[in-house]
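So the mapping is simple: my numbering equals the position in the sequence shown, first residue as 1, plus 433.
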Amino acid sequence: MVSDYEEDATAKVVPGRRSLRILSVDLVVVDGPGRGQRASVRGGTARIGTAEGADLRLTDPTVSRLHCEIRVRPEAITLRDQGSTNGTHVGGVRLRDADVPVGTLVRAGNTVVRIEASDQPSFVDLSPRGSFGELVGASVEMRRVYAILERVAPTDTTVLVEGETGTGKDVVARSLHAASKRAAGPFVPIDCGAIPENLIESELFGHVRGAFSGAVSDRRGVFEEADGGTLFLDEIGEMPLSLQSKLLRAIETRTIRRVGASSSRPIDVRLVAATNRDLARCVNEGTFREDLYYRLAVVDVTLPPLRVRPEDVPVLAQHFYDRLAPGAGVLPADFARMLASRSWPGNVRELRNFIERSVSLGFVSPSGAAPVPRGAPGAPPRVDVSSPVPLHLPLKDARQAWTASFEEVYVRAMLRATGGNVTRAAELAGVSRRFLQRLAARLGIKAAEVGVDPAEMDRED
């Protein structure tokens with residue numbers, strides 16, 4: 434059976450408008466306090482709750498401040514609970530995240546809201562571009578993101594970037610800065626989750642000499658360092674609650690006070706914040722201030738995970754290959770097909786690291802040529818402790834890339850060191866023979882590449 438949504442909301446790119454036509458829905462309170470209230474969702478997201486900034490603001494005391502959200506996408510209407518106290522229910526079933534049809538009755542606390550189709554269609558802007566700054570991908574999802582970024586880049590509007598780990602939130606921040614009128618100024622990133630709680634205030638606002646033990650001289654904080662440019666607050670969801678009020682004050686007054694100082698000083702920065710946490714859920718849990726959340730989310734950009742835009746995988750893979758192996762040409766067809774078949778739970782970062790590992794270890798060769806066996810003339814040099822270090826990456830990304838490469842490097846080296854003796858290699862590695870065979874198979878290690886008899890690689894003792 435085809436739902437009303439499926440009949441009415443077929444995604445269309447409207448000629449000449451560079452826009453996507455999607456269904457518009459209204460949220461109507463049909464039972465409980467506030468019966469008769471109505472709110473519209475026009476090509477985006479609407480939040481239901483008692484908070485002042487909620488799109489459908491309720492007075493029901495059994496409804497959480499940010500209870501749930503309705504997101505209208507080209508292919509579905511998604512209902513998502515935001516960690517509410519009493520839960521979000523459909524048909525007596527408590528839901529966390531689900532696609533629902535038009536006509537669904539949603540219970541939040543003692544209030545029932547019906548999702549109704551609107552007579553007026555909604556159009557979402559799409560950029561004609563296939564990239565924005567360092568962001569790459571021509572899928573509809575990314576073109577929606579580009580359209581937002583193109584509008585806000587020339588302004589000083591604060592932007593909150595949300596998305597799963599590895600989707601490229603830091604890339605959005607750098608691209609926004611490069612496209613802004615502040616591009617000639619500094620771009621200063623700070624990872625709010627990587628700094629000890631007792632030092633983060635000093636890192637943000639600076640300190641004066643003698644402010645605390647070890648403060649032997651005056652020091653600027655990142656707000657002052659970014660003056661005239663862009664300050665990127667990465668992992669903002671990790672910021673201690675005790676410091677959030679001070680950050681809010683700095684944002685609202687555009688002034689900061691160094692730790693230990695008696696006076697404030699003005700700052701001129703554009704703020705971009707990012708998190709992989711659900712900040713609305715954090716607000717309900719009491720770990721993130723509601724007023725700070727709305728002050729940061731002046732423009733809220735959500736990056737799509739790679740699994741919902743598989744058409745971008747070949748484009749991204751070629752982009753990374755061109756950067757890592759300049760002049761190498763087009764990725765081999767069989768390698769590209771393998772990439773397209775994977776789900777990439779680590780998103781763009783995982784794909785980039787995989788391409789880098791494949792290039793560093795010689796698993797992909799220029800112009801579609803077959804990989805050269807190790808030890809053969811023209812083969813890539815044997816890996817040592819320094820050759821695959823990705824020095825062009827930030828520390829945390831480089832660490833992840835190195836860790837991901839270790840198993841493969843270790844297994845290859847162990848099999849070579851034992852002259853292809855699988856049993857001996859397993860003993861030295863402290864694992865069973867069968868485990869080593871399965872690991873080699875998962876890593877795509879061919880017997881001939883490491884001097885192992887193919888029959889030995891498959892034989893079970």
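All C-beta atoms in this analysis are idealised placements derived from N, C-alpha and C, irrespective of residue type, glycine included.
Classify His610 as helix, strand or coil using the three-state DSSP reduction.
-> Judged by DSSP in its simplified three-state form, His610 adopts helix.
Between the C-alpha atoms of Leu876 and Val734, what's the straight-line distance to the nearest angstrom?
-> Rounded to the nearest angstrom, the two C-alpha atoms are 36 Å apart.
Hey, how far is the Cα of Val746 from the Cα of Ser838?
-> Those two C-alpha atoms are separated by around 21 Å.
Should Phe787 be labelled buried (16 or more other beta-carbon atoms within 10 Å of its own) or exposed?
-> buried
Hey, how far is the Cα of Asp451 from the Cα of Arg584?
-> In the sequence as displayed, the identity of residue 451 is Arg instead of Asp. Cα-Cα distance, rounded: 14 Å.
Pull up the CB-CB distance for Ser697 and Ile684, whole angstroms please, since I reckon it's below 8 Å.
-> 13 Å between Cβ atoms; not a contact.
Can you give the Cα-Cα distance for Thr600 and Tyr579, rounded to whole angstroms?
-> 14 Å
Cβ neighbours of Pro554 in the same chain (closer than 8 Å, five flanking residues each side left out) | Only Arg454, Ile455, Leu456 and Ser457 meet the Cβ criterion.
Per the contact definition of three or more C-beta pairs closer than 8 Å, is the stretch 584 to 594 in contact with the stretch 692 to 708?
-> yes
Could you have a look at Glu508 and say whether DSSP puts it in helix, strand or coil?
-> Glu508 falls in the coil class under three-state DSSP.
Determine the extent of the beta strand (DSSP E) in which Pro622 is found, giving its start and end residues.
-> Phe620 to Asp624
Do Ala479 and Asp493 come within 7 Å of each other at the CB atom, strictly closer than that value?
-> No; because the gap between Cβ atoms is not below 7 Å, this pair is not in contact.
DSSP puts His522 in a beta bridge; with which residues?
-> Arg527 and Arg540
In whole angstroms, what separates the C-alpha of Glu783 from that of Arg742?
-> Annotation: Glu783 to Arg742 spans about 15 Å, alpha carbon to alpha carbon.
Taking the C-alpha atoms as reference points, what is the distance between Ala846 and Val855?
-> 12 Å
Could you give the DSSP three-state label for Glu840: helix, strand or coil?
-> Helix, per DSSP.
Enclosing alpha helix (DSSP H) for Asp724 [first to last residue] = Glu723 to Leu729
Could you please give me the residues that DSSP links to Ser564 through a beta bridge?
-> Partner(s): Val569.
Closest to Ser695 by CA distance: which of Glu597, Leu681, Val641 and Ala707 is it?
-> The shortest Cα separation from Ser695 among Glu597, Leu681, Val641 and Ala707 belongs to Val641.
Can you name, in chain order, every residue of its own chain whose Cβ lies under 6 Å from the Cβ of Asn519, other than the five neighbours on each side?
-> Thr495 and Gly542
Just checking my contact of Thr544 with Pro466 at CB under 8 Å: how many whole Å lie between their CB atoms?
-> 6 Å
Between Arg895 and the rest of its own chain, which residues show a CB-CB distance below 6 Å, the 5 nearest in sequence each way excluded?
-> With the chain covering 434 to 894 only, the question about residue 895 has no answer from this structure.
Counting only the same chain and skipping the five closest in sequence on each side, list residues whose C-beta sits under 8 Å from that of Thr663.
-> Ala606, Leu609, His610, Ser613, Arg615, Gly618, Pro619, Phe620, Val621, Val702, Arg703, Leu704 and Val705
Member of Leu712, Leu725, Gly524 and Asp767 whose CA lies at the smallest distance from the CA of Lys679 = Leu725
Given Val526 as reference, the closest of Val539, His500 and Ser517 once Cα atoms are compared | Of the candidates Val539, His500 and Ser517, the residue whose Cα lies closest to the Cα of Val526 is Val539.
Helix, strand or coil: how does DSSP classify Asp651 here?
-> coil
Kindly identify the DSSP beta-bridge partner or partners of Cys501.
-> Ile481 and Asp514
Nearest residue (CA-CA) to Val474, options Val505, Thr483 and Val655 = Val505
Taking DSSP as the reference, what is the three-state secondary structure of Leu559?
-> Residue state, collapsed to three classes: coil.
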